[in-house]
Amino acid sequence: MNRLCCAVLISMLILVGSAAAANYIYERSVIQGVGYRSHELIAQTAQGYSGQKIVERISGSGSFYDRTEFELSVQRNSINYSKEATFEYFPVSYQTGTYDRKWVDRLCVANYDAGAVVTESYTHAESLMKHTQISTVGNSHLNEVNNSGIEASFNANVIGVGHIGWRSVEWIEGAKRPFEVGRSVEDVVGVFSIEKYIQLFKNESGTTGAVDWLPCL
Numbered sequence: 401m402n403r404l405c406c407a408v409l410i411s412m413l414i415l416v417g418s419a420a421a422a423n424y425i426y427e428r429s430v431i432q433g434v435g436y437r438s439h440e441l442i443a444q445t446a447q448g449y450s451g452q453k454i455v456e457r458i459s460g461s462g463s464f465y466d467r468t469e470f471e472l473s474v475q476r477n478s479i480n481y482s483k484e485a486t487f488e489y490f491p492v493s494y495q496t497g498t499y500d501r502k503w504v505d506r507l508c509v510a511n512y513d514a515g516a517v518v519t520e521s522y523t524h525a526e527s528l529m530k531h532t533q534i535s536t537v538g539n540s541h542l543n544e545v546n547n548s549g550i551e552a553s554f555n556a557n558v559i560g561v562g563h564i565g566w567r568s569v570e571w572i573e574g575a576k577r578p579f580e581v582g583r584s585v586e587d588v589v590g591v592f593s594i595e596k597y598i599q600l601f602k603n604e605s606g607t608t609g610a611v612d613w614l615p616c617l
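According to the numbering used here, the sequence shown is numbered sequentially starting from 401.
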């Protein structure tokens, strides 16, 4: 009986150790086809209003090609994201029904250590070709330099509605609200191309303080 209890306890410790070690995520995918697609990605390096956050949602009908690489490390407090995608809208019908929805592609990345947030959004898209790369990192003892921030690159050709924005805020001790360092919002409708490169970094020697909320623009 004692041996059985010991074996069960050891098994529980192994399972708990495995669960605690699941703090690194890597996913690489290539998805292409014709039909209806709905996709959601939600990930974070820390709970609550801290660490790095990413939220991505895609849906629509027609033809699509999507090549994505996603990496998250809790210990390094970092997220790396890259997507190359093409979406063409048209309705499709199957025995299960007719799917008729223009493409929606929304992405939001927040860095609470740096007080920075970046948003990329396309809606009512009849055609969308895009290449997006985002890296966000926060303070960690594993990083050689604890300069937290977001680096983002957007390149897109769209027929539809587009929205790209970023915001940088800093919390100053004693202040009633965060100080907005900068903000940029780009809204376009029609046939257009967008190319943007963004760096939002906070030097380690600067004013410190936690930003308690970072809404997507």
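Built from N, CA and C at the ideal position, the CB exists for glycine as well.
Legend entry - N-terminal and C-terminal residue of the beta strand (DSSP E) that THR445 is part of: Numbered from 1 along the sequence shown, position 45 holds the residue referred to as residue 445. Looking at the DSSP string, THR445 is not in any beta strand (DSSP E), and its letter there is neither H nor E.
Legend entry - For THR523, the first and last residue of its enclosing beta strand (DSSP E): Translated into the one-based positions of the sequence shown, residue 523 becomes position 123. Counting along the chain, the unbroken beta strand (DSSP E) around THR523 starts and ends at 516-537.
Legend entry - Contact set for LYS530: own chain, Cβ-Cβ below 6 Å, skip 5 residues either direction: Locating residue 530 in the sequence shown gives position 130, counting from the first residue. Here the set comprises ALA485 and ALA556.
Inset, instruction - Measure from the C-beta of GLU427 to each C-beta in chain D and report whether the shortest distance is under 7 Å. - result: Going by chain labels, chain D is absent from the structure shown, which holds only one protein chain.
Inset, instruction - Flag this pair as yes or no: are the beta carbons of VAL492 and THR523 separated by less than 7 Å? - result: In the sequence shown, counting from the first residue as 1, residue 492 sits at position 92. In the sequence shown, counting from the first residue as 1, residue 523 sits at position 123. Contact: no.
Inset, instruction - Might you give, ordered along the chain, the residues of its own chain that have their beta carbon closer than 6 Å to the beta carbon of LYS483, omitting 5 neighbours on each side? - result: Along the sequence shown, one-based indexing puts residue 483 at 83. Only THR468 and THR532 meet the Cβ criterion.
Legend entry - Residue closest to ILE559, alpha-carbon to alpha-carbon, out of GLY590, TYR481, TYR465 and LYS502: In the sequence shown, counting from the first residue as 1, residue 559 sits at position 159. Comparing Cα positions, the closest option is GLY590.
Inset, instruction - Indicate the three-state DSSP secondary structure (helix, strand or coil) for PHE464 in the structure shown. - result: Reading the sequence shown from its first residue, position 64 is the one you call residue 464. Of the three classes helix, strand and coil, the one that applies to PHE464 here is strand, per DSSP.
Legend entry - Close beta carbons around GLU488, own chain, < 6 Å, minus the five adjacent residues each side: Sequence index remark: in the sequence shown, residue 488 carries index 88 (1-based). GLY462, SER463 and SER527.
Inset, instruction - Pull up the distance between the alpha-carbon of HIS541 and that of ARG428, whole angstroms please. - result: For the purposes of this step, residue 541 is taken as the residue at position 141 of the sequence shown. For the purposes of this step, residue 428 is taken as the residue at position 28 of the sequence shown. Taking C-alpha positions only, HIS541 is separated from ARG428 by approximately 27 Å.
Inset, instruction - Buried or exposed for ALA421, please, with buried defined as at least 16 other CB atoms from any protein chain shown within 10 angstroms of its CB. - result: Here residue 421 refers to the residue found at position 21 when the sequence shown is read from its first residue. Caution is warranted here: a pLDDT of 47 is assigned to ALA421, below 50, making its placement in the model unreliable, and no coordinate value can be reported.
Legend entry - As assigned by DSSP and simplified to three states, the class of TYR597: By one-based count along the sequence shown, residue 597 stands at place 197. Strand, per DSSP.
Legend entry - When VAL588, ALA516 and ARG457 are compared against GLY562, the one with the closest alpha-carbon: The sequence position of residue 562 within the sequence shown is 162, counting from 1. Answer by Cα proximity: VAL588.
Legend entry - Cβ pair LYS453, GLN444 closer than 7 Å: The residue given as residue 453 occupies position 53 in the sequence shown. The residue given as residue 444 occupies position 44 in the sequence shown. GLN444 sits close to LYS453, with the two beta carbons spaced by under 7 Å.
Inset, instruction - Measure the alpha-carbon distance for VAL581 versus SER568 and round it to whole angstroms. - result: Indexing the sequence shown from 1 puts residue 581 at position 181. Indexing the sequence shown from 1 puts residue 568 at position 168. If I take the Cα positions, the gap works out to 5 Å.
Inset, instruction - Determine the DSSP secondary structure at GLY451, reduced to helix, strand or coil. - result: In the sequence shown, counting from the first residue as 1, residue 451 sits at position 51. Coil.
Inset, instruction - Would you give the residue range spanned by the beta strand (DSSP E) that TRP566 belongs to? - result: One-based indexing of the sequence shown puts residue 566 at position 166. Run containing TRP566: 548-570, per the beta strand (DSSP E) assignment.
Inset, instruction - Work out the CA separation of SER548 and ALA516 for me, nearest whole Å. - result: For this step, residue 516 is matched to residue 116 along the sequence shown. For this step, residue 548 is matched to residue 148 along the sequence shown. Rounded to the nearest angstrom, the two C-alpha atoms are 9 Å apart.
Inset, instruction - Kindly list the residues whose CB is nearer than 6 Å to the CB of CYS508, restricted to its own chain and excluding five residues on each side of it in sequence; keep chain order. - result: On the sequence shown, residue 508 is found 108 positions in, with the first residue counted as 1. So the qualifying residues of the chain are VAL455, THR519 and CYS616.
Legend entry - Same chain, Cβ closer than 6 Å to SER459, five either side skipped, listed in chain order: Position 59 of the sequence shown, counted from the start, is the residue given in the question as residue 459. Contacts found: SER438 and VAL504.
Inset, instruction - Name the residue from LYS576, TYR424, GLY451 and TYR465 whose alpha carbon lies nearest to the alpha carbon of GLY432. - result: Translated into the one-based positions of the sequence shown, residue 432 becomes position 32. The question names Gly, but residue 432 is Gln in the sequence shown. The candidate whose alpha carbon is nearest that of GLN432 is TYR465.
Inset, instruction - Give the secondary structure of ASN477 by DSSP, where H, G and I count as helix, E and B as strand, and everything else as coil. - result: One-based indexing of the sequence shown puts residue 477 at position 77. The answer is coil: DSSP assigns ASN477 none of H, G, I, E or B.
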